[in-house]
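Shown next, in structure tokens, is the structure this report addresses.
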Amino acid sequence: SYDNNSIPVKDNSIDLITIMMVLHHTDNPLDILNESYRALSENGTVIIRETNAYNNDILEFNIIMEYNLGFVLILCVILKIEGMTWFDAICHSFTTIATAGFSTKNNSIGAFSGLIQWTIIIFMFIAATNFSLHYYFIAT
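So this is what it looks like as structure tokens:
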């Protein structure tokens, strides 16, 4: 059972642990870190995001925006190669990464080929995935 001091898992059993904006809310953050490392597998990864006195929020925002812009540009080029007009490719790339809902066609992505539909679906999935997982897959 959970007792607020231990994670109810075996030692060395977790491959990825994310601790996002939690430590500054606790009385003893070192206990949380020690318990996380106890549960972490030998080749596991811990991703920690925490506030600091220097306010890196603007830097983090820029990194996320550059990352998203990269996805938009890659998707735009792929959709153009697959047969969309530049206008449709740009519009669908922005909406796929941001909200996955807008289309320039009444039939939405149903107006395009199956290849284009699957490309958009794959990028929707990637865009909806937590950035901690993106980092984990890129870093390993």
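Here this note's numbering runs 503 ahead of the position in the sequence shown, where the first position is 1. Heads up, the beta-carbon is just placed ideally off N, CA and C, and yes, glycines get one too.
Fill in: CA-to-CA distance, Asn609 to Ile584, given in whole angstroms
Here residue 584 refers to the residue found at position 81 of the sequence shown. Here residue 609 refers to the residue found at position 106 of the sequence shown. Put simply, the backbone Cα of Ile584 is about 22 Å away from that of Asn609.
Discussion item. For Thr529 and Ser509, what's the separation of their Cα atoms in angstroms?
Written reply: On the sequence shown, residue 529 is found 26 positions in, with the first residue counted as 1. On the sequence shown, residue 509 is found 6 positions in, with the first residue counted as 1. For the pair Thr529 and Ser509, the Cα-to-Cα distance works out to about 14 Å.
Item to complete: Report back the beta-carbon spacing between Ile517 and Leu543 to the nearest angstrom; my notes put them in contact at under 8 Å.
Response: Translated into positions along the sequence shown, residue 517 becomes position 14. Translated into positions along the sequence shown, residue 543 becomes position 40. That pair is a contact at about 6 Å.
Worksheet item: Do you know offhand how far Gly604's Cα is from Ser539's?
Response: Here residue 604 refers to the residue found at position 101 when the sequence shown is read from its first residue. Here residue 539 refers to the residue found at position 36 when the sequence shown is read from its first residue. Each residue's alpha carbon lies about 38 Å from the other.
Item to complete: Take Pro532 and list the residues in its own chain whose beta-carbon comes closer than 6 Å to its own, dropping the five residues that flank it on each side.
Response: Along the sequence shown, read from residue 1 onward, the residue named residue 532 stands at position 29. Result list for Pro532: Leu526, in chain order.
Discussion item. Going by DSSP, what residue range makes up the beta strand (DSSP E) through His588?
Written reply: Looking up residue 588 in the sequence shown gives position 85. Correcting the residue identity first, residue 588 is Thr in this sequence and not His. That residue, Thr588, is in no beta strand (DSSP E); it is neither H nor E in DSSP.
Worksheet item: If you draw a straight line from the alpha carbon of Ile625 to that of Val512, how long is it in whole angstroms?
Response: Here residue 625 refers to the residue found at position 122 when the sequence shown is read from its first residue. Here residue 512 refers to the residue found at position 9 when the sequence shown is read from its first residue. If you draw a straight line from the Cα of Ile625 to the Cα of Val512, it comes to about 33 Å.
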